[in-house]
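First comes the structure, then the notes that go with it.
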Amino acid sequence: MRIITALAALAFALSWPTAAHAWGPLGHRLVARLAESRLDPATRAEVERLLATEGLQSLADVANWADNLRELDPDLGRRTSRWHYVNLGELGCRYDADAACPGGHCVVEAISAQAAILGDRSRSDAERLQALKFVVHFVGDVHQPMHGGNARDRGGNNVQVNLHGKGTNLHALWDSGLLRSARLDEERYLQRLQEAENGPPATAQDTSTPAQWAEQSCAIAVEAYPPRATITDAYLAQHRPVAERQVQIAGERLSALLGTVLARAPATEIPDAD
Ligand SMILES: [Zn+2]
Numbered sequence: 008m009r010i011i012t013a014l015a016a017l018a019f020a021l022s023w024p025t026a027a028h029a030w031g032p033l034g035h036r037l038v039a040r041l042a043e044s045r046l047d048p049a050t051r052a053e054v055e056r057l058l059a060t061e062g063l064q065s066l067a068d069v070a071n072w073a074d075n076l077r078e079l080d081p082d083l084g085r086r087t088s089r090w091h092y093v094n095l096g097e098l099g100c101r102y103d104a105d106a107a108c109p110g111g112h113c114v115v116e117a118i119s120a121q122a123a124i125l126g127d128r129s130r131s132d133a134e135r136l137q138a139l140k141f142v143v144h145f146v147g148d149v150h151q152p153m154h155g156g157n158a159r160d161r162g163g164n165n166v167q168v169n170l171h172g173k174g175t176n177l178h179a180l181w182d183s184g185l186l187r188s189a190r191l192d193e194e195r196y197l198q199r200l201q202e203a204e205n206g207p208p209a210t211a212q213d214t215s216t217p218a219q220w221a222e223q224s225c226a227i228a229v230e231a232y233p234p235r236a237t238i239t240d241a242y243l244a245q246h247r248p249v250a251e252r253q254v255q256i257a258g259e260r261l262s263a264l265l266g267t268v269l270a271r272a273p274a275t276e277i278p279d280a281d
């Protein structure tokens, strides 16, 4: 029975790529902009240098690139489609690489692998910029609770709900419906989240890992199932702050990760000390 369950979970996990991906564009852009506003000067300089090689200026400009690969580069999109999520619901929200991430094809291992490429200055700028685009996107994804949720309903994609008279699903609700229900445009949302950061710095001493980020998302996801298909204002009021906090934490952690990976001063000729 357990083997059958595991196989069923795997089959669902592999079937996920056809589903909608990730925070909607707004969520990903907010994560990128929050991170960007916190970068130290050395990290910012290297980020800007890499972006400029494609005429880009802001991390927000690349935050949704990985979700658009299906149109931009279908082959790369297919090869990377399992890098946007990891299903931990059936594993008790505990990350186990063998069970949750066969072949390293999940968001947890993708973040580590792409961060390593980004930080490897022996690689070309083109390779490192692509890795930067992946890292910015996947750190957002791993904080969208449904991206760490249940395989059996494909991260909530199979859970039909009704929001304000329109049919949608639980995954889409967490991607964009919750944030949209605040009725703020990007600038005002950014302002609100940055003001909220003046509260206690929840992640000031954050030494957590991508695996733990996914586990935390899973813990939120399994509690996020509405009692009925109709999403009430009470549900929105209860869960919207959770989604917003996830966006905020994602921004903080993305900034810290980029700092760790990129902070080293650009390679320059260092004169011999003798
Ligand atoms: Zn995604």
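Per my numbering, residue 8 is the first one in the sequence shown, and the count goes up by one each step. For each residue, glycine too, the CB sits at the ideal point set by N, CA and C. Small disclaimer: the values here were computed from a predicted structure and weren't measured.
Helix, strand or coil for residue i? Go by DSSP, reduced to three states.
| i | result |
| --- | --- |
| E168 | The displayed chain sequence assigns Val, not Glu, to residue 168. V168 falls in the strand class under three-state DSSP. |
| T50 | helix |
| T237 | strand |
| N75 | helix |
| V115 | helix |
| G266 | helix |
| S44 | coil |
| R56 | helix |
| A67 | helix |
| G162 | coil |
| W181 | helix |
| V254 | helix |
| R260 | helix |
| W30 | coil |
| L200 | helix |
| G5 | The requested residue 5 does not occur in the structure, where the chain is confined to residues 8 to 281. |
| Q151 | coil |
| E230 | coil |
| G156 | coil |
Taking residue i as the reference, which of the options has the closest Cα?
| i | options | result |
| --- | --- | --- |
| D213 | L261, Q245, S224 | L261 |
| I238 | Q223, A59, V168 | V168 |
| G34 | P234, R161, Y196, I227 | Y196 |
| H171 | N157, S188, G155 | S188 |
| R40 | E116, D160, P234, A257 | A257 |
| G99 | R51, A270, P248, V229 | V229 |
| Q223 | H150, T87, P109, E53 | H150 |
| L63 | D105, L136, A42 | L136 |
| P233 | G174, R190, V166, R199 | V166 |
| L269 | F141, K173, R128 | R128 |
| A133 | R56, G31, M153 | R56 |
| A122 | E202, F141, A106, S65 | F141 |
| D288 | A218, P248, A59, A203 | With the chain represented from 8 up to 281, any question about residue 288 goes unanswered, as that position is not in the structure. |
| A73 | T216, E53, T87 | T87 |
| A263 | T216, Y242, R235 | T216 |
| A179 | A231, A203, Q198 | A231 |
| W220 | H246, P248, H154 | H154 |
| P32 | G163, A241, D192 | D192 |
| R289 | L79, R247, I118 | The question about residue 289 has no answer here: the residues shown for the chain are numbered 8 through 281. |
Looking only at its own chain, which residues have a Cβ that is under 8 Å from the Cβ of residue i, when we skip the five neighbours before and after it?
| i | result |
| --- | --- |
| A120 | G111 |
| Q253 | H150, Q151, P152, S224, I227 |
| G266 | L46, D47, T50 |
| S65 | A39, R40, E43, L58 |
| A203 | E251, Q255 |
| T60 | D132, A133, L136 |
| D103 | none |
Can you tell me which residues form a DSSP beta bridge with residue i?
| i | result |
| --- | --- |
| T216 | For T216, which the question treats as bridged, DSSP gives no partner whatsoever. |
| N176 | Q167 |
Within the 9 Å Cβ cut-off, does residue i reach chain C?
| i | result |
| --- | --- |
| W90 | Although the question refers to chain C, the structure presented lacks it and comprises just one protein chain. |
Residues in its own chain within less than 7 Å of residue i by CB, not counting five upstream and five downstream?
| i | result |
| --- | --- |
| A70 | H35, R36, V38, A39, V143, H144, G147 |
| T175 | V168, G184 |
| A236 | Q167, V168, N169 |
| L243 | L185, S188 |
| L200 | L37, L41, E251, V254, Q255 |
| R130 | I124 |
Take residue i and list the residues in its own chain whose beta-carbon comes closer than 6 Å to its own, dropping the five residues that flank it on each side.
| i | result |
| --- | --- |
| L83 | L76 |
| A226 | C100 |
| E116 | C108 |
| R85 | none |
| A42 | G258, L261, S262 |
| A138 | Q121, I124, L125 |
| W30 | G147, Q151, D182 |
Using 8 Å as the cut-off, classify the Cβ of residue i as near or not near the heavy atoms of ligand 2, replying yes or no.
| i | result |
| --- | --- |
| H150 | As presented, the structure is devoid of ligand 2, carrying ligand 1 as its sole ligands. |
(request) Decide yes or no for the touch test of the region 154-166 against the region 90-109: beta carbon pairs closer than 8 Å, at least 3 of them. (result) yes
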